[in-house]
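> Quick one: this structure, given as structure tokens, is what I'll be asking you about.
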Amino acid sequence: MDDADPVIAEYDVFITPEMEQQLYVLQYLNRRPNQPFVKSEGAVPSEVRVKEQSGFIEVDVALPMKTNFNRQAGVRWGEAMRKTKQFGQKAYGIASGFERAMPRAARPGAAAEGGVQPALDDNANEDEYVANFEDANEKGHVLNTQTYGGQLVKEDGKGPTYMLGTFKKNQLHLTRLNGLVQLRTQFHHLDAVSQLEAAQRRREKESQDGAKPTEPKAFMPTVKKAGGDTAAEITQAFMKSANAEKWNKLIYHYEDADASYAAFEERLFLADTKDAPKLHSSMSDDQYLEAISAPSGGKGAKKKSHKRHDIVDISDESDDDVETKRAKAEAPADTEVPEHAAP
């Protein structure tokens, strides 16, 4: 008999063993597939950092500086990032818990804490950096990277288990994923500009009103309820912990690097396929069919067996024909029921 759905190929499926190394898939949602992060395209990630507890991941990708690059904006945003980092800002956006670090006001007769405070409104230097753009870029005054960020979704045992499949001839090797993260373009430079403007307004107000001297304050200790179980309190606690957590920097190997090929062969394939133990299902064929089958409807419906040799009779009659036959069966013997009549 001719099969309408023939078998095209068959593969032996292998599952790689668990390893201590974590395997994550990074999905760049607003990056075109024909623009990979490879050295030939001039777009290789310069830094990858992760906050393991809160699950935030950020990837910095170098921008093409010689084509379609606004030097004035690059210097302005680069200076905003540099100055806010001097305030003590370690992260931006949700990865920082939306916290902002502000420069501390100097006490009368004392030097400013945290070293020399940066000039917030020094636009003259920005013009100089644009004129000497190459030198300014090397010294860190230019925003020359694009940041992608997202939060890692780890496997919690409740949702689906994702696996990564790789093919080798007639073999399919499956490797369990530890997490999945969808990365989107981050606008940290705009957050830095807004933070810089807020710091400048604060400094102008202090210069007009004068810095308040530090005075001893009396306090009364109070006992608060433990709480912490509401949605708002849980979110607030998470934001605080995310802000306090430090970034861990990772070593990135681009796609065409030798280290990437070595990790690909070592991590995503089962080395010994000949002596690999065979997997055995804990369910029989009938149990499997029973598990995936939808429950039969109707109050008085009979429970059918889901054995493979059962034959199911599917009627090709229309709904009108079925209703007409049902009406004839239920009507009295001396009553005429017209065709296609409803009961």
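10 is the number that full-length UniProt numbering gives to position 10 of the sequence shown; each next residue is one higher, with no gaps. Beta carbons are placed, not taken as given, at the ideal position from N, Cα and C, and that holds for glycine.
1. Could you check whether Phe-37 and residue 353 sit closer than 9 Å to each other, using their CB atoms as the reference points?
2. Between which residues of its own chain and Gln-53 is the CB-CB distance below 6 Å, once the five residues before and five after are set aside?
3. Mapping DSSP to helix, strand and coil, what is Asp-191?
4. Please confirm if the segment 173-186 is in contact with the segment 53-64, defined as three or more CB-CB distances below 8 Å between the two stretches.
5. Out of Tyr-24, Met-283, Gln-236, which has the shortest C-alpha to C-alpha gap to Tyr-162?
6. Please classify Lys-83: does DSSP put it in a helix, a strand, or coil?
7. Skipping 5 residues on each side, what residues in its chain have a beta carbon closer than 8 Å to that of Leu-270?
8. Please classify Glu-41 as buried or exposed, where buried requires at least 16 neighbouring CB atoms within 10 angstroms.
9. Helix or strand or just coil, what does DSSP make of Asn-248?
10. Which residues does DSSP pair with Met-163 in a beta bridge?
11. Taking all protein chains shown into account, do 16 or more other C-beta atoms lie within 10 angstroms of the C-beta of Gln-35, making it buried, or fewer, making it exposed?
12. Using the Cα positions of Lys-169 and Leu-268, report the straight-line distance between them to the nearest angstrom.
13. Which residues in the same chain as Gln-151 place their Cβ atom closer than 6 Å to its Cβ, once the five residues preceding and following it in sequence are excluded?
14. Measuring CB to CB, does Glu-47 end up less than 9 Å from Tyr-252?
15. Drop a sphere of 10 angstroms on the beta-carbon of Lys-249, count the other beta-carbons inside from all chains shown, and report buried for 16 or more, exposed for fewer.
16. How many angstroms separate the CA atom of Glu-206 from the CA atom of Phe-69?
17. Identify which residue in Phe-167, Leu-180, Leu-143, Asp-285 has its Cα closest to the Cα of Glu-10.
18. Express the C-alpha separation of Phe-219 and Tyr-148 in angstroms, rounding to a whole number.
19. Just reading off the alpha helix (DSSP H) that Glu-290 is part of, what are its end residues?
20. At what residues does the alpha helix (DSSP H) containing Phe-37 begin and finish?
21. Classify Phe-264 as helix, strand or coil using the three-state DSSP reduction.
On the basis of the coordinates in this document:
1. Missing from the structure shown is residue 353; the chain here goes from 1 to 343 and no further.
2. For this step, residue 53 is matched to residue 53 along the sequence shown. Excluding sequence neighbours, Gln-53 sits near Glu-245.
3. Here residue 191 refers to the residue found at position 191 when the sequence shown is read from its first residue. It is helical.
4. yes
5. Your numbering for residue 162 matches position 162 in the sequence shown. Cα-wise, what sits closest to Tyr-162 is Tyr-24.
6. In the sequence shown, counting from the first residue as 1, residue 83 sits at position 83. Correct three-state label for Lys-83: helix.
7. For the purposes of this step, residue 270 is taken as residue 270 along the sequence shown, with counting starting at 1. Phe-14, Ile-15, Thr-16, Pro-17, His-173, Ala-276, listed in sequence order.
8. Within the sequence shown, numbered from 1, the residue matching residue 41 stands at position 41. Per the 10 Å Cβ criterion, exposed.
9. The sequence position of residue 248 within the sequence shown is 248, counting from 1. In the structure shown, Asn-248 sits in a strand (DSSP, three-state: E or B).
10. Mapped onto the sequence shown, residue 163 falls at position 163. Partner(s): Arg-176.
11. One-based indexing of the sequence shown puts residue 35 at position 35. Classification for Gln-35: exposed.
12. Within the sequence shown, the letter at position 169 stands for residue 169. Within the sequence shown, the letter at position 268 stands for residue 268. Distance between the alpha carbons of Lys-169 and Leu-268: 14 Å.
13. Counted from its first residue, the sequence shown places residue 151 at position 151. So the qualifying residues of the chain are Gly-55, Phe-56.
14. The residue you call residue 47 lines up with position 47 of the sequence shown. The residue you call residue 252 lines up with position 252 of the sequence shown. Yes, Cβ-Cβ distance for Glu-47 and Tyr-252 is below 9 Å.
15. On the sequence shown, residue 249 is found 249 positions in, with the first residue counted as 1. Classification for Lys-249: exposed.
16. For the purposes of this step, residue 206 is taken as the residue at position 206 of the sequence shown. For the purposes of this step, residue 69 is taken as the residue at position 69 of the sequence shown. Taking the straight line from one Cα to the other gives about 37 Å.
17. Reading the sequence shown from its first residue, position 10 is the one you call residue 10. With distances taken between Cα atoms, Glu-10 lies closest to Phe-167.
18. Numbered from its first residue, the sequence shown carries residue 148 at position 148. Numbered from its first residue, the sequence shown carries residue 219 at position 219. Near 45 Å, if we compare the C-alpha coordinates of Phe-219 and Tyr-148.
19. Here residue 290 refers to the residue found at position 290 of the sequence shown. Its alpha helix (DSSP H) spans residues 285-292.
20. Here residue 37 refers to the residue found at position 37 of the sequence shown. Premise fails: Phe-37 is in no alpha helix (DSSP H) and is neither H nor E.
21. Taking the sequence shown and counting its residues from 1, the one referred to as residue 264 is at position 264. Here Phe-264 sits in helix by DSSP.
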